[in-house]
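Right, one structure below, let's go through it.
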Amino acid sequence: MAIQIESLAVLGAGSMGHGIAEVAAIAGYEVTMRDIEADIVDEGYDQIEWSLNKLAEKGQLDEDPDEVLNRIGTTTEVAAAVADADLVIEAAPEDLNIKRDVFAEVDDAAGPETIVATNTSSLRVSDIASATDRPEFCCGMHFFNPPVKMDLVEVVSGEQTREDVTEVAYEFAESLGKTPILVRKDVPQFVVNNVLTPYMGEAAWMLDEGGVGIREIDAAMAFRRGYPMGPFELNDFGGIDIFAHTREQWDDPVAESIQSRVDANDLGRKSGKGFYDYEGGEGVDYNPREGGNVDTLRIEARMVNEAAKLVGDDVADPEDIDVGMRLGGGLPEGTCRTADKLGLDTVLEKLESLHERTGAERYEPAEYLVELVEAGHTGEDAGRGFYDYRDGGPYHLISHSLTDDGRLNVVFDREERLNAFSTDMFDELRRVLESVDDDDVSVVVFEGAGDRAFSAGADITGFTTAEPTDLMDVDEAIQAVAEFPRPTVAKIDGFCLGAGMEITLACDLRIATEGSSLGSPEIDLGLIPGGGGTQRLVRLVGAPRTKELVFTGDPISAEKAADWGILNRAVPEEEFEDDVETLVSSIAEGPQTALEVAKSVIDEGRDASLDAGLKMESQGFGLLSTTEDMWEGVAAFKQDRDPNFSE
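In short: position in the sequence shown from 1, add 485, done, that's this note's numbering.
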């Protein structure tokens, strides 16, 4: 297919519709937004204008808001919206008949090879596409609310969708700066909702049975297991009626504790009362000391089982499921990764026990889960589970690459959490540095994904679930940075706090954009900096300034950090990439043996006496005077040319 997406129509101007239109216009596309009434369209347009101005105020928009708005047209006529569109995205209410009617109208007015996508979150794409004569050109593009902030898009193939159609949709999502995951088969609720629904649903069944309360279950899942919200808090946030409707439309049973609240119109935050009372009560009020007796495995086993069904039925890969759960579900790690830590045999045993006790269909183990356990692939401890750990395991949160000239680029790739470090992320960082061949590396550059943070610190929710032995990995990872034999550079753009600051201090060189901020806020959590954060800082700036940063927890600007000597320099945003490139290129082209010796002498001599340091320096100088690089350097100097170092 040679379709190029240059213009699109968004059918629906509600929260999802105007959000999708805004994201597309920001990415440079011409967009027509349509809804059934002019007032609805105007309100959606006004919301886009308000949002763009807010983004501009925060420095998160590269253009003037008016320039983006000029790419958005509005209409109440379907034909006018879709006639010249390369892609149509339907964002009508979550009702099969309404969506089918919209698709039928599009069929009559759009070009013969226009791609038509539905933004449904739970309906089957094929059921909607059956209203058209072009099901092969129909797919799902499930954006998450609000589209401007949420990075995930589930790209769904219907039963008759052409493969190149989903490829174009996937590439379009990437062009918006989003992260798409591919849903290869047309199952209701796709990936995220299938795996996340049991989180709320199973908690409600447990509440029905008695023995544990709302606050206990929420506290256990949030504080013991590290989820961003407890299941009842999450249900209140999203709307209890929405959850119930999703279950009912597929004839799935609904727990009494949910149904009774829907019947009483206690729908959560939007009605003022749900599982918590937001008007007459204190709202969400659980605390870390509650929930010690809650069977958290029961909830997570259900989630793992749904993930196993998706993998076994070839709906999605474990990697895509985990990306979806992190970006769309807000989980600190993916469900397949959690399963491998729990042990798939432990999960299976829990499901079998529940199934035997209740006979409920929801506990019936997925065939793929049974196959993994029977093959001995029970998770991380066994070396294989959803993932293969025999060579250390996959990299989920750190991406890295090695260039031909020896630059090892390490990216903290957890943008949805401002690149905050979990224990897994520290482990991946350590593995990168320990697995690479030092001889192949000339310089290491560390940076954070996106343009908001190098790293905003440690993921506290993840650390509440960690074992004491896991926390040792933190020091080991940062020590691996400090002890790496080649020069290391921290490339800082945005927040550099807590663990990010500690990694920065372990690097040899530190460069930041002027808008960045650095700090050690651990005192606000009743903690002190770890990973050498106090000791490296005091050696760099002295005790008074170290105490100011640690005692107050307040961040300082990059300019002040440079003035204090924490940074080598702070540079304007527009000069940042060039400045880093100049520095890194100079190191990469330099004499590698001399650089290694220089780093060793400086680091080891810093804490030694002057006499001992001078001896180290003299020994290093003597060693280097025998190398080929020294002779090449002398020759180049005499011949007035650039040296070509080989060692």
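For glycine and all other residues, C-beta sits at the position ideal for the given N, C-alpha and C.
Taking the alpha carbon of Leu833 as the point to measure from, which residue in Arg869, Leu782 and Gly815 has its own alpha carbon closest? Leu782
Can you tell me which of Val929, Gly870, Ser756 and Ala934 puts its alpha carbon nearest to the alpha carbon of Gly797? Gly870
Short check: CB of Arg1021 to CB of Phe980, under 8 Å? no
Taking the beta strand (DSSP E) that Leu546 belongs to, which residues open and close that run? Looking at the DSSP string, Leu546 is not in any beta strand (DSSP E), and its letter there is neither H nor E.
Range of the contiguous beta strand (DSSP E) that encloses Val601: The continuous beta strand (DSSP E) containing Val601 extends over residues Ile600 to Thr603.
Taking three-plus beta-carbon pairs below 8 Å as touching, is the stretch 694 to 705 in contact with the stretch 773 to 787? yes
Against chain D, does Ile1051 count as a neighbour if the rule is that its beta carbon must be under 8 Å from one of theirs? Absent from the structure: chain D. Only one protein chain is present.
Tell me whether His627 sits in a helix, a strand or coil according to DSSP, three-state version. Correct three-state label for His627: strand.
Outcome for Arg519 when other beta-carbon atoms lying within 10 angstroms are tallied against a minimum of 16: With 16 or more other Cβ atoms within 10 Å, it is buried.
Does DSSP put Phe1122 in a helix, in a strand, or in coil? For Phe1122, the three-state secondary structure derived from DSSP is helix.
State the Cα-Cα distance for the pair Tyr848 and Glu856, rounded to the nearest angstrom. 16 Å
Based on the DSSP secondary-structure assignment, which residues constitute the bridge partners of Gly1004? Its beta-bridge partners are Leu982.
Delimiting residues of the alpha helix (DSSP H) encompassing Val858: Glu852 to Glu859
Distance between beta carbons of Cys821 and Pro850, contact taken as under 8 Å: Incorrect: roughly 16 Å between the Cβ atoms, too far for contact.
What are the start and end residues of the alpha helix (DSSP H) that includes Arg1091? Gln1077 to Arg1091
Can Leu637 and Leu812 be called in contact, C-beta distance under 8 Å? yes
Identify the continuous beta strand (DSSP E) that holds Leu893 and give its terminal residues. Arg892 to Phe897
Within a Cβ cutoff of 8 Å, which residues of the same chain sit near Lys835, ignoring the five residues on either side of it in sequence? Leu782, Arg783 and Ala786
What are the partner residues of Met910, as DSSP defines its beta bridges? Per DSSP, none; premise fails for Met910.
Taking only runs of the beta strand (DSSP E) that begin and end inside the stretch 813 to 874, which ones reach a length of at least 3 residues, in chain order? The beta strand (DSSP E) runs lying completely inside the stretch 813 to 874 and spanning 3 residues or more number zero.
Can you tell me where the beta strand (DSSP E) with Phe939 in it begins and where it stops? Ala938 to Ser940
With respect to the alpha helix (DSSP H) encompassing Val587, which residues constitute its N-terminal and C-terminal limits? Leu581 to Ala594
Beta carbon of Arg609 nearer than 8 Å to that of Pro673: Taking a C-beta distance under 8 Å as the contact criterion, Arg609 and Pro673 qualify as a contact pair.
If you reduce the DSSP assignment to three classes, tell me which class Glu919 lands in. For Glu919, the secondary structure class from DSSP, reduced to helix, strand or coil, is helix.
What's the call for Val917, buried or exposed, on a 16-neighbour Cβ count within 10 Å? Buried.
I'd like the span of the alpha helix (DSSP H) that includes Met685, first residue to last. Val677 to Glu694
So, helix, strand or coil for Ser642, using DSSP? Note: Ser642 maps to strand in three-state DSSP.
If you drop the 5 nearest sequence neighbours on each side, which residues of the same chain put their C-beta closer than 7 Å to that of Ala1142? Shown here, the chain extends from 486 to 1132; a query on residue 1142 therefore has no answer.
Is Glu932 helix, strand or coil when you go by DSSP? strand
Give the C-beta separation of Asn904 and Arg995 to the nearest angstrom, bearing in mind that I take them to be a contact with Cβ-Cβ under 8 Å. The pair is not a contact, with the Cβ atoms about 16 Å apart (cut-off 8 Å).
Taking contact to mean at least 3 C-beta pairs separated by less than 8 Å, is the stretch 1010 to 1021 in contact with the stretch 1063 to 1076? Fewer than three Cβ pairs drawn from the stretch 1010 to 1021 and the stretch 1063 to 1076 lie within less than 8 Å of each other, which leaves the two stretches out of contact.
Using 8 Å as the threshold, is the C-beta distance between Cys624 and Ser642 below it? yes
Run of the alpha helix (DSSP H) containing Ala576, from where it starts to where it stops: Ala576 -> no alpha helix (DSSP H), and no H or E assigned at all.
Span of the alpha helix (DSSP H), counted from its first residue to its last, around Ile666: Following the DSSP letters along the chain, one finds Ile666 in no alpha helix (DSSP H) but inside the beta strand (DSSP E) bounded by residues Thr664 to Val668.
Quick check on the burial criterion: 16 or more other C-beta atoms within 10 angstroms. Buried or exposed for Pro683? buried
Using a Cβ-Cβ cut-off of 6 Å (strictly less than) and excluding sequence neighbours within five positions of His503, which residues of its own chain qualify? Excluding positions up to five away in sequence, the list reads Gly529, Gln532 and Ile533.
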